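Printed below as a string of structure tokens:
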């Protein structure tokens, strides 16, 4: 037990060291920042699917809404980046609260369909609202100066800010999952009727998990807008909602590292394929989806953990 | 009387008809989803893609092979039904023992694959499909001009829907099917080949989607993305109706199409979200859906 724990800690140390070294060993910082933003997004999603057993099929809506709100506030209203981020998180959490209240009235597959439909509604609002720039999206969002001192226009400074946010989110989710509250969430995932009969207000737990997850998804969206300088309709589109499911599934749902691995893999793959294969990107993503569901349900990290477990028991 | 609530009556009735047409598509698609869900326990996200493929089969058989609309009306459901058999046999079959969420995810992946393949082949711009000669033109009803093809779509799809309802609710084949939904192992014990029944059910649902695609082909732009945008609305329709009842899903589909049409008349900005708003309201009042049973 203690040896796996130690090797686990060592692995985390190595990953963190790599992430800190990334800008100095020639990894393209904007790509790394984008991947980290999506890693945050996938971690938020995993908190729901992996630890609560709720499949939200419309998580892009919260990322997209926050991206637009932050983009507009920072660009057109002249807000500072930190206030823009905060506003994005608040909006996403608010939307999450409303949608969550509606969606938790049904379970399982219905929950997925309802969250998808509500997300599509938010998408249409993004398409038609006067401040979102319609099909073009919001362009030219300045990065600004964080807390009035850190010039985010500098890629290295921006990178370390994104990395700091990512680490903070990651630790926060770990803390949530290991807390008594997180244990109740797991109990709900395993056996909801039993959790109810034990006297837990299951709906309240689920709603809080949903709001937390959407708030973090919003943070990812706002951060992405600051990094890339734009918010577009694809941020709120259902295909992104599907991609975050894939990131989590491919990496390993219900593991801490899984969504991060999945996000880096998918974003890296898209980056690599973007100019090479055209519409085949969608086909390849779809094929990975099918493969994961049919034969790779534990995901990369899940398989690694299972492999380590088998080796230890031998 | 040439105006109703300040809207010219022609425009009003025109939108209402358009709503009815959309409603017929919602009805056909949500019916297929409900039948598949009933027996397989899978929410078929690929339903939209199958509908899209149906429309493309019509278009390709016209462009490349010179086959007319009436042939396509038979051919497309057969082709897509065969595709359905393939999907069920090779993939869905392996998922029945798992959480139903995996079925949704698998069919989502399939939808992406189909969409990507068609986008690669045909690009994203829309293709036109001519209205068949026999149904071209319009009939003057005195109070409005009724395009013949739209009337045909409504009549044809409602006939198909009611036919499906009749088969499932009133025939012995349907009784077996319903029994299979309730208790597959018992039906199997009576000597009925349940796996084949399941395959054919999925194929049937897929064929229905393809038929809707052919019916839609002459009145919409045929694009690879036409299915996905529609299927999300159909999901909302299914949630509103509740998946328990066949007649319920037909009725809900038509009703929501009409509501959408009316919204286009009075408040066009909201027409794309009105179905979702209704879904939210229904869930607040009656979580099981209008025709669903609380489990």
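Residue numbers (our numbering), protein chains in the order written: chain B, 80 to 393; chain P, 6 to 300.
Where is the CB? At the ideal position from N, CA and C, for every residue including glycine.
Since the structure is predicted, the reported quantities are computational estimates derived from the model, not experimental observations.
**Asked** Is residue 99 of chain P helix, strand or coil by DSSP?
**Response** Note: residue 99 of chain P maps to helix in three-state DSSP.
**Prompt:** Does residue 138 of chain P get closer than 7 angstroms to chain B when you measure Cβ to Cβ?
**Reply:** For residue 138 of chain P, the answer is no, since every Cβ of chain B falls outside 7 angstroms of its Cβ.
**Short CB-CB distance (under 7 angstroms) between residue 361 of chain B and chain P** = Yes, contact with chain P.
**Request:** Using a cut-off of 8 angstroms between C-beta atoms, extract the partners of residue 111 of chain P located in chain B.
**Result:** Near residue 111 of chain P (Cβ distances below 8 angstroms), the residues of chain B are 368, 369, 372 and 373.
**Request:** Out of P/164, P/135 and P/255, point me to the one whose CA is closest to residue 68 of chain P's CA.
**Result:** Distances from the alpha-carbon of residue 68 of chain P to those of P/164, P/135 and P/255 put P/135 closest.
**Asked** Taking any Cβ of chain B, which residues in the stretch 56-70 of chain P have a Cβ under 7 angstroms from it, in chain order?
**Response** Listed in sequence order: no entries.
**Prompt:** Three-state secondary structure (DSSP) at residue 85 of chain B?
**Reply:** In the structure shown, residue 85 of chain B sits in a helix (DSSP, three-state: H, G or I).
**Asked** What residues from chain P crowd round residue 203 of chain B, counting only those whose CB sits closer than 7 angstroms?
**Response** Ordered by position in chain P, the residues that pass the 7 angstroms Cβ test against residue 203 of chain B are 277 and 278.
**Message:** Excluding the 5 residues flanking residue 236 of chain P on each side, which residues of the same chain have their C-beta closer than 6 angstroms to its C-beta?
**Reply:** Here the set comprises 52 and 53.
**Item:** Where residue 224 of chain B sits in the DSSP three-state scheme
**Value:** DSSP places residue 224 of chain B in strand when its eight states are reduced to three.
**Request:** Give the straight-line distance between the Cα atoms of residue 269 of chain B and residue 81 of chain P, rounded to the nearest whole angstrom.
**Result:** So the alpha carbons of these two residues sit roughly 43 angstroms apart.
**residue 230 of chain P versus residue 278 of chain B - alpha carbon distance** = C-alpha separation (whole angstroms): 46 angstroms.
**Asked** So, does the CB of residue 254 of chain B fall closer than 7 angstroms to a CB anywhere in chain P?
**Response** Residue 254 of chain B does not count as touching chain P.
**Item:** Closer than 7 angstroms to chain P by CB, residue 192 of chain B
**Value:** Yes, residue 192 of chain B counts as interfacial toward chain P.
**Request:** Report buried or exposed for residue 238 of chain B, applying the criterion of at least 16 other Cβ atoms within 10 angstroms of its Cβ.
**Result:** Taking all protein chains shown into account, residue 238 of chain B has 16 or more neighbouring C-beta atoms within 10 Å of its C-beta and is therefore buried.
**Message:** Helix, strand or coil for residue 310 of chain B? Go by DSSP, reduced to three states.
**Reply:** Residue 310 of chain B: strand per DSSP, three-state reduction.
**Request:** Flag residue 129 of chain B as yes if its beta-carbon sits less than 7 angstroms from any beta-carbon of chain P, otherwise no.
**Result:** Contact with chain P is absent for residue 129 of chain B, since none of that chain's Cβ atoms lies less than 7 angstroms from the residue's Cβ.
**Item:** Residues near residue 234 of chain B in its chain [Cβ-Cβ closer than 6 angstroms; skip 5 each side]
**Value:** These residues qualify, in order along the chain: 108.
**Asked** If contact means a Cβ-Cβ distance below 8 angstroms, which residues of the stretch 239-251 of chain P contact chain B?
**Response** Listed by position, the residues of the stretch 239-251 of chain P near chain B (Cβ gap below 8 angstroms) are 240, 241, 243 and 244.
**Asked** Listing by chain order, which chain P residues have their CB less than 7 angstroms from the CB of residue 357 of chain B?
**Response** 125, listed in chain order.
**Request:** Give a yes or no on whether 7 angstroms exceeds the smallest Cβ distance from residue 120 of chain P to chain D.
**Result:** No chain D appears in this structure, whose protein chains are B and P.
**residue 125 of chain B - containing beta strand (DSSP E), residue span** = Where residue 125 of chain B is concerned, there is no enclosing beta strand (DSSP E), although the alpha helix (DSSP H) it sits in stretches over 108-131.
**Endpoints, the beta strand (DSSP E) within which residue 189 of chain P is located** = Premise fails: residue 189 of chain P lies in the alpha helix (DSSP H), 189-194, not in any beta strand (DSSP E).
**Message:** Is residue 155 of chain P near the ligand ATP - that is, is its Cβ less than 6 angstroms away from at least one heavy atom of it?
**Reply:** Among the ligands in the structure shown, none appear at all, so the ligand ATP cannot be discussed.
**Item:** For residue 141 of chain P, the first and last residue of its enclosing beta strand (DSSP E)
**Value:** If you look at residue 141 of chain P, you'll find it isn't in any beta strand (DSSP E); DSSP assigns it neither H nor E.
**residue 5 of chain P: first and last residue of the uninterrupted beta strand (DSSP E) it sits in** = Since the first residue of chain P shown is 6 and the last is 300, residue 5 of chain P is not available in this structure.
**Asked** Would you say residue 195 of chain B reaches chain P, if we count a Cβ-Cβ gap shorter than 7 angstroms as a contact?
**Response** By this cut-off, residue 195 of chain B is an interface position.
**Prompt:** Quick one: Cα of residue 200 of chain P to Cα of residue 159 of chain P, how far?
**Reply:** In this structure, the alpha-carbon of residue 200 of chain P lies about 34 angstroms from that of residue 159 of chain P.
**Request:** Kindly list the residues whose CB is nearer than 8 angstroms to the CB of residue 86 of chain P, restricted to its own chain and excluding five residues on each side of it in sequence; keep chain order.
**Result:** Result list for residue 86 of chain P: 208, 209, 211, 212 and 215, in chain order.
**Message:** Tell me the DSSP secondary structure of residue 13 of chain P in three-state form.
**Reply:** Note: residue 13 of chain P maps to strand in three-state DSSP.
**Prompt:** What residues of chain P sit near residue 346 of chain B, judged by a beta carbon separation below 8 angstroms?
**Reply:** What residue 346 of chain B touches in chain P: nothing, since even the nearest Cβ is about 17 angstroms away.
**Request:** Could you give the DSSP three-state label for residue 230 of chain P: helix, strand or coil?
**Result:** Coil, per DSSP.
**Asked** Looking only at its own chain, which residues have a Cβ that is under 6 angstroms from the Cβ of residue 330 of chain B, when we skip the five neighbours before and after it?
**Response** Leaving aside the five residues that flank residue 330 of chain B on each side, the residues in its chain whose CB is nearer than 6 angstroms to its CB run, in chain order, 337, 338, 340, 341, 378, 379 and 380.
**Message:** Against residue 324 of chain B, what residues of chain P qualify as contacts under a CB-to-CB distance less than 9 angstroms, listed in chain order?
**Reply:** Neighbourhood of residue 324 of chain B in chain P, by CB distance below 9 angstroms: 110 and 113, in chain order.
**Message:** Please list, in chain order, the residues of the stretch 158-185 of chain B that have any C-beta partner in chain P closer than 7 angstroms.
**Reply:** Per Cβ criterion, the list reads 181, 184 and 185.
**Prompt:** Along chain B, which residues have their Cβ under 9 angstroms away from the Cβ of residue 96 of chain P?
**Reply:** Counting only Cβ-Cβ distances below 9 angstroms, residue 96 of chain P has contacts in chain B at 369, 372 and 373, in chain order.
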